[in-house]
Amino acid sequence: MLWLSSEKDVSDRRLYVDMIFRKTKMYANYTPSSSLELGDYGDVTKEGEFIRSGNIFSEFADLREQLGQGREEYGANKHFFVSRTRKKDAAAVISASPAAPNSDIPNLAECQPKLGWDIKKDRHAVLVMIDANQYEIANEGILHRFVQNKPDLADKAIVTKVYRCSAFAQLITEHGEKGPFYVGFRSNMSPQNSISSSSLTSPSNSGIMVEQLWQTYPQSANWNMGPYDASQRLYSPLATLRQVTPKQPSLGYRDRLPPPITDDQDMEDYMPPWAELDERGEEIGDDDD
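Oh and the sequence shown: position 11 is 11 in UniProt numbering, straight run, nothing missing.
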């Protein structure tokens with residue numbers, strides 16, 4: 001089932017994508033099991049969904065060697081926490097001290113990483129990735145020149161970097177929610193002896209929900225979790241979308257021609273197709289009636 005699938009939740013998904021983008025300049029994929037590949041191109045809808053139209057490597061095979069592809073050598077656990085408001089008192093990090101690693105974050109003793117935040121006001125987004133590697137197109141300038149000469153690709157969003165991970169957790173808090181939020185990953189559990197039910201609760205605290213290798217609190221929060229997959233399927237929760245640098249409008253036939261694009265000239269970020277959002281994920285200025 002799609003995470004946040006009700007009519008109200010469409011705005012929540014968009015707000016989640018928007019908040020993560022403002023923090024990372026990358027697009028959050030709220031269906032990480034739907035794989036994103038380097039070279040995928042398409043459009044982003046007003047709801048924040050990337051609609052794939054094709055893949056440049058599939059359609060232009062000779063580009064693969066020219067552009068090159070790279071990846072981080074070692075995977076690592078990564079997380080992002082974003083507050084919609086810029087006020088510093090909107091949330092506080094709850095961390096485990098080296099001297100008493102379990103004192104501040106209860107019931108996550110066997111988890112690594114284990115993360116916590118004390119939410120004060122407004123709305124917040126969380127993305128946690130386990131064993132994440134970033135893949136990227138190495139020679140973006142060559143891609144830039146190539147796409148500029150393809151009118152049907154010039155306004156498309158192109159995946160130039162993508163994170164792949166073995167497990168993930170996503171959260172968008174409700175407006176007005178307050179109090180502590182925790183998430184932990186039990187990396188010491190193997191797929192054979194992990195808890196497989198998505199609705200079991202920890203015997204030590206009925207508010208801690210266990211879903212395979214993930215533990216989260218509170219149970220009522222909008223957590224979306226991807227557990228470790230024994231088939232080694234990787235998730236794609238985060239990607240960089242780029243596009244050709246927009247051309248400046250002409251001022252007349254005497255205008256100087258723009259300088260040619262060089263191989264070291266990067267593309268520009270593909271900007272979200274919506275205006276500033278309010279706490280409900282609605283565009284500011286929309287009619288509330």
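Positions of the beta carbon are idealized from the N, C-alpha and C atoms, including for glycine.
A quick note: this is a predicted structure, and the numbers were derived from the prediction, not measured.
In terms of DSSP beta bridges, what is Asn133 paired with?
Here residue 133 corresponds to residue number 133 of the sequence shown, with the count starting at 1. Its beta-bridge partners are Arg164.
Between the Cα of Lys78 and those of Glu65, Gln66, Gln112, Glu49, spot the shortest distance and give me the residue it belongs to.
For the purposes of this step, residue 78 is identified with residue 78 of the sequence shown, where counting begins at 1. The residue from Glu65, Gln66, Gln112, Glu49 with its alpha-carbon nearest to that of Lys78 is Gln112.
Measure the beta-carbon distance from Gly54 to Arg14 and round it to whole angstroms, keeping in mind my assumption that it falls under 8 Å.
Indexing the sequence shown from 1 puts residue 54 at position 54. Indexing the sequence shown from 1 puts residue 14 at position 14. So it is not a contact: roughly 24 Å between Cβ atoms.
Figure out for me which residue from Val128, Ser236, Ala157, Leu153 has the closest Cα to the Cα of Leu213.
By 1-based counting over the sequence shown, the position of residue 213 is 213. If we check each option's Cα against that of Leu213, Val128 comes out closest.
On the three-state DSSP scale, how would you describe His124?
Here residue 124 is taken as the residue at index 124 of the sequence shown, counted from 1. Here His124 sits in strand by DSSP.
Please go through the same chain and pick out, in chain order, the residues whose beta-carbon is closer than 7 Å to the beta-carbon of Glu177, but skip the five residues on each side of it.
Indexing the sequence shown from 1 puts residue 177 at position 177. Excluding sequence neighbours, Glu177 sits near Ile119.
For Asp131, collect the residues of the same chain with a Cβ closer than 8 Å to its Cβ; drop the 5 residues on either side in sequence, then sort them by chain order.
Along the sequence shown, one-based indexing puts residue 131 at 131. Gly75, Ala76, Asn77, Cys165, Ser166, Ala167, listed in sequence order.
I need the straight-line Cα distance from Asp62 to Val44, nearest angstrom please.
Position 62 of the sequence shown holds residue 62. Position 44 of the sequence shown holds residue 44. Cα-Cα distance, rounded: 27 Å.
How close, in whole Å, do the beta carbons of Leu36 and Ala221 come, if the pair is a contact with beta carbons under 8 Å?
Within the sequence shown, numbered from 1, the residue matching residue 36 stands at position 36. Within the sequence shown, numbered from 1, the residue matching residue 221 stands at position 221. With 8 Å as the limit, Leu36 and Ala221 do not qualify as a contact, their Cβ atoms being about 25 Å apart.
Quick one: grab the DSSP three-state call for Phe60.
For this step, residue 60 is matched to residue 60 along the sequence shown. The three-state secondary structure of Phe60, taken from DSSP, is coil.
Look up Ser236 in the DSSP assignment and say whether it is helix, strand or coil.
Numbered from 1 along the sequence shown, position 236 holds the residue referred to as residue 236. Note: Ser236 maps to strand in three-state DSSP.
For Val17, which of helix, strand or coil comes out of DSSP?
By 1-based counting over the sequence shown, the position of residue 17 is 17. If DSSP states are grouped into helix, strand and coil, Val17 belongs with the helices.
Let me know the secondary structure DSSP gives Leu171 once reduced to three states.
Within the sequence shown, numbered from 1, the residue matching residue 171 stands at position 171. In the three-state DSSP reduction, Leu171 falls in the strand class (E or B).
Cα-Cα, which of Gly285, Ser33, Leu115 is closest to Ala92?
One-based indexing of the sequence shown puts residue 92 at position 92. Looking at the Cα atoms, Leu115 is the closest of the given residues.
Put Gly285 into one of helix, strand or coil per three-state DSSP.
Numbered from 1 along the sequence shown, position 285 holds the residue referred to as residue 285. It is coil, neither helix nor strand.
Going straight from the alpha carbon of Asn29 to that of Ser236, what length do you get?
For this step, residue 29 is matched to residue 29 along the sequence shown. For this step, residue 236 is matched to residue 236 along the sequence shown. Approximately 7 Å, taken between the alpha carbons.
Between the alpha carbons of Glu72 and Thr216, how many angstroms are there, rounded?
Along the sequence shown, read from residue 1 onward, the residue named residue 72 stands at position 72. Along the sequence shown, read from residue 1 onward, the residue named residue 216 stands at position 216. Roughly 29 Å between the two C-alpha positions.
Is the distance from the Cβ of Asp40 to the Cβ of Arg22 below 8 Å?
Translated into positions along the sequence shown, residue 40 becomes position 40. Translated into positions along the sequence shown, residue 22 becomes position 22. No; because the gap between Cβ atoms is not below 8 Å, this pair is not in contact.
Pick out whichever of Tyr27, Asp122, Ile142 has its Cα sitting closest to the Cα of Glu65.
In the sequence shown, the residue the question calls residue 65 occupies position 65. The shortest Cα separation from Glu65 among Tyr27, Asp122, Ile142 belongs to Ile142.
Assign Gln219 to one of three DSSP states: helix, strand, or coil.
If you number the sequence shown from 1, residue 219 lands on position 219. DSSP places Gln219 in coil when its eight states are reduced to three.
How big is the Cα-Cα spacing for Arg280 and Thr173?
What you label residue 280 is simply residue 280 of the sequence shown in a count that begins at 1. What you label residue 173 is simply residue 173 of the sequence shown in a count that begins at 1. C-alpha separation (whole angstroms): 11 Å.
Ala125 and Leu171 look like a contact to me (Cβ under 8 Å); what is the Cβ gap, rounded to whole Å?
Numbered from its first residue, the sequence shown carries residue 125 at position 125. Numbered from its first residue, the sequence shown carries residue 171 at position 171. Going by Cβ atoms, the distance from Ala125 to Leu171 rounds to 7 Å, so yes, they are a contact pair.
Measuring only the C-alpha atoms, how far is Ser231 from Leu241?
Here residue 231 is taken as the residue at index 231 of the sequence shown, counted from 1. Here residue 241 is taken as the residue at index 241 of the sequence shown, counted from 1. Approximately 28 Å, taken between the alpha carbons.
List the endpoints of the continuous alpha helix (DSSP H) containing Arg145.
For the purposes of this step, residue 145 is identified with residue 145 of the sequence shown, where counting begins at 1. Start and end: 140-148.
Spatial neighbours of Ala275 within its chain, please: CB distance less than 8 Å, with the 5 preceding and 5 following residues excluded, ordered by chain position.
Position 275 of the sequence shown, counting from 1, holds the residue named residue 275. So the list reads Glu283, Ile284, Gly285, once near-sequence residues are dropped.
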